[in-house]
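A.B. asks:
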Amino acid sequence: MDDKEEKHSKEENAMSRRYFLEIVGGGAVLTAAVGSAVVIGQYLSPNVLREPALRFKAGLIENFSADSITLDKEQKVFIVRGKEGYFYAMSAVCTHLGCIANWKPEDGVVACPCHGSKFNKEGNVVDGPAPRSLPRFSVTLDEQGQLVVDKSVIVGEDVILKV
Ligand code: FES
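Here this note's numbering is used: the first residue of the sequence shown is 25, the next is one more, and so on.
(1) A113 and I103 look like a contact to me (Cβ under 8 Å); what is the Cβ gap, rounded to whole Å?
(2) Judging by CA-CA distance, which residue of I178, S176, L171 and K175 is the nearest neighbour of L185?
(3) Could you pull out every residue in the same chain whose Cβ sits closer than 8 Å to the Cβ of L84, ignoring the five residues on either side in sequence?
(4) Beta-carbon within less than 7 Å of F80's beta-carbon, same chain only, minus the 5 sequence neighbours each way: which residues are those?
(5) List the whole-angstrom C-beta distance separating S157 from V179, where the pair is believed to meet the contact cut-off of C-beta under 8 Å.
(6) For ligand 2, is there any heavy atom lying closer than 8 Å to the beta carbon of S157?
(7) Which stretch, first to last residue, makes up the beta strand (DSSP E) that contains N126?
(8) Going by DSSP, which residues form a beta bridge with S141?
(9) What residue does the beta strand (DSSP E) around K175 start on, and which one ends it?
(10) Relative to the C-alpha of C123, which residue among C136, G132 and D131 is closest?
(11) Under a three-way DSSP split, which group does A113 fall into?
(12) Give the secondary structure of I93 by DSSP, where H, G and I count as helix, E and B as strand, and everything else as coil.
(13) With burial defined as no fewer than 16 other Cβ atoms inside 10 Å of the residue's Cβ, what is the status of V48: buried or exposed?
(14) Closer than 6 Å by C-beta to I64: which residues in its own chain qualify, once you throw out the five before and the five after it? Chain order, please.
(15) Within 10 angstroms of its Cβ, does V53 collect 16 or more other Cβ (buried), or is it exposed?
(16) Are the beta-carbon atoms of S141 and G152 separated by less than 9 Å?
(17) Taking the C-alpha atoms as reference points, what is the distance between V177 and H120?
Dropping the structure here:
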């Protein structure tokens, strides 16, 4: 190899090393920029819990048979339809420590799986340790025949929706 060829070979090696370092450096800068953008995006986005709305549509009245109790699992609410066709909505959250209670038709009670509390169909405690009855919520009917439950409005036992 003469001097000219050797010089040319050294220049090529220097170029390919420089090109390699430029690629690696550019990749590192890009990775740092994307990582920073993600962290800044997370910092700036609102940190809120997504919870179901307190007011919700529970379904068409014809979907509930007379003398039935239906649990809306997402809303944690029982939709109760009486023998005479009236409605009321009652919380499924046990008043002891907040477990979700279930309707046990074979026993005719709403039973809590955690510590054994039982409530009657009206939501009153029939067996402890629950300290209070299950609260009832406002139920109305919209123009489409949908039941609308509002968990922000607690009503008394005497408030029912007649249809
Ligand atoms: S949470 Fe229901 S009985 Fe304890």
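Here a beta-carbon is modelled for each residue, glycine too, at the ideal position from N, C-alpha and C.
C.D. replies: Considering the structure as presented:
(1) 6 Å
(2) L171
(3) Q168, G169, Q170 and L171
(4) Q99 and V173
(5) So it is not a contact: roughly 13 Å between Cβ atoms.
(6) Ligands in the displayed structure: ligand 1; ligand 2 is not one of them.
(7) N126 to K128
(8) In the DSSP output, where bridge partners are listed per residue, S141 has none listed.
(9) Q170 to V179
(10) C136
(11) strand
(12) strand
(13) exposed
(14) none
(15) exposed
(16) yes
(17) 21 Å
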